[in-house]
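Have a look at the structure below, then the notes.
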Amino acid sequence: MIETNPNVDGLEIRTALPAEAGEVAALHRRARATYYPDGFPDDGADWQGRWREAIGRSDGRVLCAARDGRLAGIASFRRAERAPAGTVTLFQFHVDPDRWRAGIGTALHAACVEEWRTGGVRTAWLDVHVANERARGFYGRQGWVPDPESPVAPGDHHMRLRLTVSGE
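Numbering (the numbering used here), first residue to last: 1 to 168.
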């Protein structure tokens with residue numbers, strides 16, 4: 001599926017391709033490095049392999065936003081294991097830091113929500129770093145709220161947010 005968002009000039013939102021796993025992993029690394037004080041931690045993970053796996057999953061989606069032939073944003077979501085029907089988890093959502101505040105994240109998020117809505121999803125969840133106020137602000141503007149069933153405890157690094165997806 002290839003979609004063009006008329007609200008953001010020249011932005012194409014489409015399914016990520018397996019051959020793009022390296023580029024997706026590089027964008028992921030650049031974006032995550034912005035909220036770690038010492039840069040992206042080397043956790044030994046094969047992020048390119050993980051992204052290749054996510055792109056190839058039959059039970060999930062990886063959308064990307066591209067402008068001028070270059071990836072500008074990525075979103076990965078699927079129903080989590082043992083999660084109730086009608087739910088989805090947004091596992092990764094990143095916009096290239098060089099392209100922040102250009103409407104890319106908003107357009108990519110809207111594409112995700114539209115897929116969820118047409119797929120019968122009623123509730124979406126995500127985990128966000130507690131200290132990542134920029135991301136928390138973005139999600140709040142999109143309608144995400146702290147999940148009352150998963151309150152943040154002292155020392156937690158992440159908080160769970162919930163979005164009610166309208167069926168209309």
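Backbone N, C-alpha and C define an ideal beta-carbon position, used for all residues, glycine too.
{"Check": "Mark His157 as exposed unless 16 or more other C-beta atoms lie within 10 angstroms of its C-beta, in which case mark it buried.", "Outcome": "exposed"}
{"Check": "Determine the direct distance from the alpha carbon of Gly44 to that of Leu90, and round the result to whole angstroms.", "Outcome": "23 Å"}
{"Check": "Below 7 Å CB to CB, which residues in the same chain sit around Met1 once its five sequence neighbours on both sides are set aside?", "Outcome": "In this predicted model, Met1 has a pLDDT of only 41, less than 50, meaning its place in the structure is not dependable; the value taken from the coordinates is given anyway. So the qualifying residues of the chain are Arg14, Thr15."}
{"Check": "May I ask you to report which of helix, strand or coil DSSP gives Thr89?", "Outcome": "strand"}
{"Check": "What span of residues does the alpha helix (DSSP H) with Gly10 cover, start to end?", "Outcome": "Here Gly10 belongs to no alpha helix (DSSP H), and DSSP marks it neither H nor E."}
{"Check": "Helix, strand or coil for Arg78? Go by DSSP, reduced to three states.", "Outcome": "strand"}
{"Check": "Give the range of the beta strand (DSSP E) segment to which Val62 is assigned.", "Outcome": "60-67"}
{"Check": "According to the Cβ coordinates, are Ile177 and His28 closer than 8 Å?", "Outcome": "Missing from the structure shown is residue 177; the chain here goes from 1 to 168 and no further."}
{"Check": "Is it true that the CB of Ile104 sits closer than 8 Å to the CB of Ala54?", "Outcome": "no"}
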